[in-house]
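Participant: Numbered by my numbering, the letters in the sequence shown go through residues 2 to 192 in order. For each residue, glycine too, the CB sits at the ideal point set by N, CA and C. Model, not experiment: these values are computed from the prediction.
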Amino acid sequence: MDRQFSPGFHCNREAATMSNFADWQDRMLRAVWRHGEQLPEGVLTWMSELYGELGEIPQREFCESWTARTFSMARSAFEVVVRSAEEETGKAATGEGFCYIDYLRDPDLGPVGVVRIKSAEVSTPDWAEVLGAVAEGVQEFMMSHYRVAWPICSDHGRGLHVGYFYETAVWKCTGGTAEGHVVRTSAMGKR
2 MDRQFSPGFH
12 CNREAATMSN
22 FADWQDRMLR
32 AVWRHGEQLP
42 EGVLTWMSEL
52 YGELGEIPQR
62 EFCESWTART
72 FSMARSAFEV
82 VVRSAEEETG
92 KAATGEGFCY
102 IDYLRDPDLG
112 PVGVVRIKSA
122 EVSTPDWAEV
132 LGAVAEGVQE
142 FMMSHYRVAW
152 PICSDHGRGL
162 HVGYFYETAV
172 WKCTGGTAEG
182 HVVRTSAMGK
192 R
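1. Using DSSP bridges, identify the partner residues of E122.
2. Going by the DSSP bridge assignment, what does T169 pair with across the sheet?
3. Contact between the segment 90–97 and the segment 134–154 is defined here as three or more beta-carbon pairs at a separation below 8 Å; is this criterion met?
4. So, are the CB atoms of A121 and A134 less than 8 Å apart?
5. Which residues in the same chain have their Cβ closer than 8 Å to the Cβ of G177, if we skip the five residues on either side of it in sequence?
6. Might you give, ordered along the chain, the residues of its own chain that have their beta carbon closer than 8 Å to the beta carbon of L51, omitting 5 neighbours on each side?
7. Taking the beta strand (DSSP E) that L105 falls in, what are its first and last residues?
8. Nearest to Q60 by alpha carbon, out of V123, A32, S124, E168?
9. A179: buried (16+ other C-beta within 10 angstroms of its C-beta) or exposed?
10. Under DSSP, the beta strand (DSSP E) around V184 begins and ends at which residues?
11. Please state the DSSP three-state secondary structure of C64.
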């Protein structure tokens, strides 16, 4: 039978699968209160992979996966950022007496958990957002605990601020040009 006369079963099944995914994705984003937000490509890719692997998992299971992924990313980001802070300042940022990162899961606060690092919070499993929040929290800790500005721009001698550049967390300096400049990228480590 010629392809043009086939009933299109494969195409219809693929279209139905895509439609089912879009409906499921919409429901899950509503469940985590992110419907209508412009989510980073990494989050959308993860959702697509999750759907491809497990199919239409229920909202509760999806929220648990969302939260677990966010918490796991925060732990990884914390290791990277703390290592950088300790190397550059010579000050301990971890240890028995330092407890400033919390993983909160309170049904009264919403369907997904929140990672709180000092006053910074994140609840989306996006690497750049998680890394930025963790960096701000560690930076705040270094300032409040040691009265040390970290990190510093070597060109301008100013403290750096977390920013985002093409969905990447970066350290930015406000010195120099009117808009400042990016000093570090790639996991907020050294240049």
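Facilitator: In short, the structure shows the following:
1. R117
2. F166
3. yes
4. yes
5. D156, H157
6. I58, F63, S66
7. 102–105
8. A32
9. exposed
10. 182–185
11. helix
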